[in-house]
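Peer 1: Got a structure for you, questions after.
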Amino acid sequence: NRGTELYEAYQNRMKTLNATDFGDLLMHCVLIFQQHPDVLAQYQRWFRYILVDEYQDTNVAQYMWLRLLAQGHRNICCVGDDDQSIYRWRGARQEHLRRFQKDFPGSLTVKLEQNYRCSGRILRAANAVIANNAHLFEKKLWSAHGEGESLRILQCKDETHEAERIAAEIAHLQQTRKTPWSDFAILYRGNFQSRAFEQALRLLRVPYHVSGGTAF
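Here it is in structure tokens:
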């Protein structure tokens with residue numbers, strides 16, 4: 340197997356250089372804990388309380404490391420959502436959520452189903468999309484913020500078209516309804532997305548400020 344040969348050569352070279360990569364750091368910790376109970380016991384004494392976020396994104400090495408470390412005091416709290424598991428391509432396994440109750444019997448499961456940001460219509464739309472997922476745990480999101488406005492779906496060809504339509508909508512509302520510029524906000528997931536929006540806003544002379552990032 341060519342992949343096995345390359346991995347072995349890579350590991351031998353790393354050992355020669357006395358170097359590790361991120362995966363090695365996790366793997367070596369697991370091996371040390373498994374082969375040296377006295378070292379594991381010391382770290383268990385040091386880490387008496389453990390809190391893990393995004394537990395659905397843990398890979399096998401992280402899972403084994405955490406389970407070994409937490410078996411001492413068993414004071415562990417993990418927060419995760421099987422519907423937000425999107426990193427399987429880099430080794431994450433959402434099945435670790437299901438195994439948690441077996442690894443730590445007697446643990447309490449608390450479902451965080453109330454949403455404090457969105458209105459009812461947005462959450463019903465989200466529930467309809469999530470319903471197509473293969474679930475480990477059933478849940479239903481709800482909000483105390485009322486129904487809210489109806490949803491609008493804009494179909495765009497690409498990120499440039501999307502930015503142009505949003506900028507045009509903002510300019511139109513400001514001109515026709517005299518809505519203050521400060522009432523508008525554009526939320527995007529990654530900083531790289533701001534460039535298309537900035538270009539579209541500048542083209543229509545819409546003033547803007549990039550919050551939490553660097554403007555292009």
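Mapping of the sequence shown onto the working numbering: residues 340 to 555, in sequence order. C-beta: ideal position from N, C-alpha, C; glycine also. Small disclaimer: the values here were computed from a predicted structure and weren't measured.
So Gly-419 and Tyr-394 are in contact, right, with Cβ under 8 Å, and what is the actual spacing, rounded?
Peer 2: Residue numbering aside, residue 419 sits at position 80 when the sequence shown is read from its first letter. Residue numbering aside, residue 394 sits at position 55 when the sequence shown is read from its first letter. Indeed they touch by this definition, with Cβ atoms about 3 Å apart.
Peer 1: Report the option in Ser-424, Phe-386, Leu-493, Asp-522 whose CA atom is closest to the CA atom of Ile-415.
Peer 2: Taking the sequence shown and counting its residues from 1, the one referred to as residue 415 is at position 76. Considering only alpha carbons, the answer is Phe-386.
Peer 1: Curious, which full-length alpha helix (DSSP H) runs of at least 4 residues does the segment 433 to 478 contain?
Peer 2: Counting only runs of 4 or more, we get 434 to 442, 459 to 469.
Peer 1: Given Thr-397, which residues of its chain have a CB within under 8 Å of its CB, disregarding the five upstream and five downstream residues?
Peer 2: Within the sequence shown, the letter at position 58 stands for residue 397. Closer than 8 Å at the Cβ level, and outside the excluded window around Thr-397, lie Val-391, Leu-405, Ala-431, Arg-432, His-435.
Peer 1: With DSSP as the reference, label Cys-495 as helix, strand or coil.
Peer 2: One-based indexing of the sequence shown puts residue 495 at position 156. Coil.
Peer 1: Using a threshold of 8 Å, state whether the C-beta atoms of Leu-597 and Thr-518 are closer than that.
Peer 2: Past the boundaries of the shown model lies residue 597; the chain is included only from 340 to 555, so the question cannot be answered.
Peer 1: Which value, in whole angstroms, describes the spacing of the CA atoms of Arg-534 and Leu-490?
Peer 2: Indexing the sequence shown from 1 puts residue 534 at position 195. Indexing the sequence shown from 1 puts residue 490 at position 151. Whole-angstrom Cα-Cα distance: 26 Å.
Peer 1: If we require 3 or more residues per run, which beta strand (DSSP E) segments fall completely within the segment 377 to 401?
Peer 2: The segment 377 to 401 contains these whole beta strand (DSSP E) runs: 389 to 391.
Peer 1: When the Cα atoms are used, what is the spatial distance from Thr-553 to Ile-371?
Peer 2: For the purposes of this step, residue 553 is taken as the residue at position 214 of the sequence shown. For the purposes of this step, residue 371 is taken as the residue at position 32 of the sequence shown. Rounded to whole angstroms, Thr-553 to Ile-371 spans 42 Å at the Cα level.
Peer 1: Quickly, what does DSSP pair Trp-481 with across the bridge? List them, please.
Peer 2: For this step, residue 481 is matched to residue 142 along the sequence shown. Paired residue(s): Gln-453.
Peer 1: Below 8 Å, can you find three or more Cβ-Cβ pairs linking the segment 476 to 486 to the segment 448 to 459?
Peer 2: Judged by Cβ distances under 8 Å, the segment 476 to 486 makes contact with the segment 448 to 459, as three or more pairs qualify.
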